[in-house]
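Heads up, the thing below is written out as structure tokens.
Number of protein chains: 2
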Amino acid sequence: MAKHDPDLSLLFHALADPTRRSILTRLAETPAQVTDLAGPTGLRLPTVMRHLSVLEEAGLISTSKDGRIRTCAIVPEALDPVRSWLDEQRAIWEARLDRLDAFVMNVMKERAE
Amino acid sequence: MAKHDPDLSLLFHALADPTRRSILTRLAETPAQVTDLAGPTGLRLPTVMRHLSVLEEAGLISTSKDGRIRTCAIVPEALDPVRSWLDEQRAIWEARLDRLDAFVMNVMKERAE
DNA sequence: GCGATAGTTAGCGACATGGCTAAGCATGAT
DNA sequence: ATCATGCTTAGCCATGTCGCTAACTATCGC
Chain A
1 MAKHDPDLSL
11 LFHALADPTR
21 RSILTRLAET
31 PAQVTDLAGP
41 TGLRLPTVMR
51 HLSVLEEAGL
61 ISTSKDGRIR
71 TCAIVPEALD
81 PVRSWLDEQR
91 AIWEARLDRL
101 DAFVMNVMKE
111 RAE
Chain B
1 MAKHDPDLSL
11 LFHALADPTR
21 RSILTRLAET
31 PAQVTDLAGP
41 TGLRLPTVMR
51 HLSVLEEAGL
61 ISTSKDGRIR
71 TCAIVPEALD
81 PVRSWLDEQR
91 AIWEARLDRL
101 DAFVMNVMKE
111 RAE
């Protein structure tokens, strides 16, 4: 089903980079233009641009250009699929927690040897 | 804060691959040995091994070897940091939306004058 | 011991990622 | 018109990722 969900892969991949996460956090406070985003990172503009396009392709931010200034803003609902997936997983995992518990304890015991 | 959290990067990167997510989902039902995990993926053993070690390094699964059989199991609490980060982000995002709300209200009030 | 089974290691190839510089627009200010 | 600003494009380099095969080790069953 969601085995080959491209959205999730894009999202997770976009989130896997510290720079991109920090850009996201920065954007969470207020929309910003590209140069403003580049500043704190210490990275060059083209590099930041690349990160931004990764974020945009994942649907995490949206950008628009007014004059020569591109403004970037977060897309709050973009994380919903991630959240859903997590909830889904947790549901399954917890349903099996009884068996897992015993097994994990066993592993830990073995590791302790 | 958790801006440059290496754990998060490892976790997100591990989750960014469909094969790894399907392995996780499979493992959520019951622990399994490597060959059993390889089956459904259609991938070769060394490839699956690599995915497993990525998952293990991210702390998402734990494995132990008994005789010639390596058994893999999920580590349910491993997703907690991801969940926390999501919650954190949502908190900021929502706070910003509130402020935006207030801003819009303010503008409207000013316009009404 | 022998052969089948389960996993591991080494290493290859194709491609993606993340950084950079240099050069090229397009727009805004003077 | 000119110059500075803000972004964009093209392209380079080092490294990482994901798949594979081939060969190896280690165990289990007979």
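Same order as they appear, the protein sequences are chains A and B. Each residue of the first sequence is one higher than the one before, counting from 1 in UniProt numbering. Each residue of the second sequence is one higher than the one before, counting from 1 in UniProt numbering. A virtual CB, placed ideally from N, CA and C, is assigned to each residue, including glycine.
When the Cα atoms are used, residue 27 of chain B and residue 62 of chain A turn out to be separated by approximately 36 Å. Within chain A, the residues whose beta carbon sits less than 8 Å from that of residue 89 of chain B are 24, 25, 28, 79, listed in sequence order. When C-beta distances to chain B are compared with 7 Å, the residues of the stretch 55-84 of chain A below that value are 74, 76, 79, 82, 83, in chain order. For residue 70 of chain A, the enclosing beta strand (DSSP E) has its first and last residue at 69-74. Inside the UniProt domain "HTH arsR-type" (1-94) of chain A, DSSP marks whole alpha helix (DSSP H) runs of 4 or more residues at positions 6-15, 18-29, 34-41, 45-57, from first to last along the chain.
One Cα belongs to residue 17 of chain B, the other to residue 57 of chain B, and the distance between them is close to 15 Å. Taking the C-beta atoms as reference points, residue 60 of chain A is found no nearer than 8 Å to residue 32 of chain A. Counting C-beta atoms within 10 angstroms of its own C-beta, residue 76 of chain B has 16 or more neighbours from the protein chains shown and is therefore classed as buried. One finds 12, 13, 16 in chain A with Cβ atoms closer than 8 Å to the Cβ of residue 13 of chain B, taken in chain order.
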